[in-house]
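Count the sequence shown with our numbering and you get residues -15 to 387, in order.
Think of the CB as a built atom: it goes at the ideal place given N, C-alpha and C, for glycine as much as any other residue.
Computed from a predicted structure; not experimentally measured.
Please read the structure below before turning to the comments.
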Amino acid sequence: MKTKRWAMGIGAVLAVCFFLTSGLAMAKTIKIGVLAPFKTPSGEDQLNAAKMAVAEINAQGGIMGQKVELFLGNTEYKPEKGVMAFKKFVLEDKCEVVFGTCSSGVAKAVMDQMARYKKLFIPTGAASEALSDLLKSDPQKYKYWFRVMHLSGDLSTAAHEFMYNLPVKKFNAKKMAIMAENALWTRGMVKDAETFFKEKGLEIVYSEFFDTETKDFTPIFTKIINAKAEFIYEISAHVDGAIYIKQWYDLKGPMIGGVSGTGVTDRYWKDCGGKAVSEAVVVYTPRAPLTPKTIPFFDKYVAEFKLQPGYPTGYTYDAIYLYKAAVEKGKTTNPDKLVPIIEKMDYVGVAGKYVFDELHNARYGEGFRQLSFGQWRQDGSRIVVWPKSFATGDYESPPWLKK
-15 MKTKRWAMGI
-5 GAVLAVCFFL
5 TSGLAMAKTI
15 KIGVLAPFKT
25 PSGEDQLNAA
35 KMAVAEINAQ
45 GGIMGQKVEL
55 FLGNTEYKPE
65 KGVMAFKKFV
75 LEDKCEVVFG
85 TCSSGVAKAV
95 MDQMARYKKL
105 FIPTGAASEA
115 LSDLLKSDPQ
125 KYKYWFRVMH
135 LSGDLSTAAH
145 EFMYNLPVKK
155 FNAKKMAIMA
165 ENALWTRGMV
175 KDAETFFKEK
185 GLEIVYSEFF
195 DTETKDFTPI
205 FTKIINAKAE
215 FIYEISAHVD
225 GAIYIKQWYD
235 LKGPMIGGVS
245 GTGVTDRYWK
255 DCGGKAVSEA
265 VVVYTPRAPL
275 TPKTIPFFDK
285 YVAEFKLQPG
295 YPTGYTYDAI
305 YLYKAAVEKG
315 KTTNPDKLVP
325 IIEKMDYVGV
335 AGKYVFDELH
345 NARYGEGFRQ
355 LSFGQWRQDG
365 SRIVVWPKSF
375 ATGDYESPPW
385 LKK
């Protein structure tokens, strides 16, 4: 009897231990980090997307039954701040993966820390080809890096198609000006644009990199106007485009468009006092059927945050869901085991379909991801004018140029 009671007692203890350890396993969270420049339009768009994705995933039961815990780090657009935040994520917060950054310079600085600590790093706001060049230089060291967004080259391709088919062909623009912020990601784009314009027989009457701290753009626009430019190709992300677009409007400049990191959300129209009328910029997650998920996401985001998605919004949202899909497919959060799974991913998100090339860039083009151009109207609305397959209206010139 004593032996039987002893065995029963041990069994009860083991059962309790099993229950407790099972409970601990169920209570374990999957920790993720997001790097962003706080209190900036693009940074807030990134943070909103992350919070929305994590809330949805947790409401659905988490990842493999585990709650997702979100940690946020402020980069301030500074590489050293990004490195500090990444190390905190890994060493103190014990994050399994890090997303974000709105700066190629920050992302590049973080990549050596990623390699050192062997943690997945998925930028959703860093376009420079210099990042994939690092992977190319040492595939084993930098294998934990994946880009869930566009490259500078993708932006160039989309911008060239837009400019040539609308300002050039429709409005006969032949004299082009280029104004780009002085940053790592813009250098290749300016070089590509200069080559493209020359190939198409267009005259480049002005080209300049401006400092990201510039507040007075009057000298730049004055030179552009005096050079008789008929279209301005703008390239910015770190600079608040509302600052220069107000000055462009006041000086009644020529047609303008291209890439503006801040020029894609509702707050931009308010910030510039409605002076962005006719400006056409790349929009990354417009209210258009890029995929079956795009419009439902757009409407929910607007309802929740009272503004439209910005440039890193859809990418950040997609990246977190893509990570979820990879973890659930591999049944692991181990970075070394997830790398080959992500390399073979075929995932449809809100911004497009993600399939990675050999340098871990998400493929671009029809059937994968495509970039659209949205133009601001006088009533504060924005319509898609390019490509034709997603267009919801026609491209127009500034009101002061209309005959």
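Beta-bridge pairing of residue i - partner residues as DSSP gives them
i: I188; result: M160
i: K15; result: E53
i: S220; result: S244
i: V74; result: Bridge partners of V74: none, in fact.
i: A346; result: F340
i: F400; result: Residue 400 cannot be examined here, being either before or after the span of the chain that is shown, -15 to 387.
i: Y126; result: BP columns for Y126 are empty, so no partner.
i: V412; result: A question about residue 412 goes unanswered here, because the residues of the chain that appear run from -15 up to 387.
i: A20; result: N58
i: F215; result: M160 and M239
Opening and closing residue of the beta strand (DSSP E) in which residue i lies
i: F55; result: V52 to N58
i: F408; result: Here the chain covers residues -15 to 387 and nothing more, so residue 408 does not appear.
i: Y391; result: Residue 391 lies beyond the residue range present for the chain, which begins at -15 and ends at 387; the question has no answer from this structure.
i: V82; result: V81 to G84
i: S356; result: S356 to W360
i: V368; result: R366 to W370
Assigned exposure category for residue i - 16 Cβ within 10 Å defines buried
i: E312; result: exposed
i: Y379; result: buried
i: K277; result: buried
i: P324; result: exposed
i: E288; result: exposed
i: E64; result: exposed
i: A260; result: buried
i: S121; result: exposed
i: K386; result: exposed
i: N32; result: buried
i: R366; result: buried
i: D29; result: buried
i: Q292; result: buried
i: F352; result: exposed
i: K92; result: buried
i: R271; result: buried
i: L104; result: buried
i: G57; result: buried
i: P238; result: buried
i: M10; result: Confidence at M10 is low in this model, with a pLDDT of 38, below 50, so the placement of that residue should be treated as unreliable; the coordinate-derived value is given next. Label assigned to M10: exposed.
i: Q97; result: buried
i: K328; result: exposed
Unbroken alpha helix (DSSP H) run spanning residue i, endpoints
i: V174; result: R171 to E183
i: A375; result: Where A375 is concerned, there is no enclosing alpha helix (DSSP H), given that its DSSP letter is neither H nor E.
i: F281; result: T278 to F289
i: S140; result: S136 to M147
i: Q231; result: G225 to D234
i: E380; result: No alpha helix (DSSP H) holds E380; DSSP gives it neither H nor E.
i: K120; result: E113 to S121
i: V132; result: V132 -> no alpha helix (DSSP H), and no H or E assigned at all.
i: Y299; result: T297 to G314
i: S26; result: P25 to A43
i: A91; result: S88 to Y101
i: P293; result: That residue, P293, is in no alpha helix (DSSP H); it is neither H nor E in DSSP.
i: D250; result: D250 to D255
i: F205; result: T202 to N210
i: V323; result: P319 to E327
Through-space distance from residue j to residue i, alpha-carbon basis
i: K315; j: I47; result: 10 Å
i: G333; j: I216; result: 32 Å
i: Y190; j: A211; result: 7 Å
i: A221; j: G45; result: 36 Å
i: E60; j: A20; result: 7 Å
i: E178; j: F193; result: 13 Å
i: N345; j: N156; result: 35 Å
i: E187; j: F180; result: 11 Å
i: G225; j: H144; result: 20 Å
i: F281; j: K236; result: 36 Å
i: Q124; j: K102; result: 10 Å
i: P151; j: E342; result: 35 Å
i: F146; j: W370; result: 6 Å
i: K182; j: S87; result: 29 Å
i: D117; j: G89; result: 13 Å
i: Q354; j: Y348; result: 6 Å
i: C256; j: T249; result: 12 Å
i: L356; j: V265; result: Residue 356 is actually Ser in this sequence, not Leu. When rounded, the distance between both Cα atoms is 8 Å.
i: E218; j: K51; result: 42 Å
inquiry  = When you compare the region 96 to 116 with the region 168 to 183, are there three or more beta-carbon pairs, one atom per stretch, that lie closer than 8 Å?
reply    = yes
ask   = Is the number of C-beta pairs between the region 74 to 86 and the region 288 to 307 that are closer than 8 Å three or more?
value = For the pair of segments examined, the region 74 to 86 was found to touch the region 288 to 307: the number of CB pairs separated by less than 8 Å reaches three.
inquiry  = Could you check whether the region 236 to 254 touches the region 23 to 31, counting it as contact only if at least three pairs of C-beta atoms, one from each stretch, sit closer than 8 Å?
reply    = yes
key: Cβ contact (3+ pairs, closer than 8 Å) linking the region 26 to 36 and the region 282 to 301   = At 8 Å Cβ cutoff, the stretches touch.
message = Between the region 119 to 138 and the region 335 to 348, can you find at least three pairs of beta-carbon atoms closer than 8 Å?
response = yes
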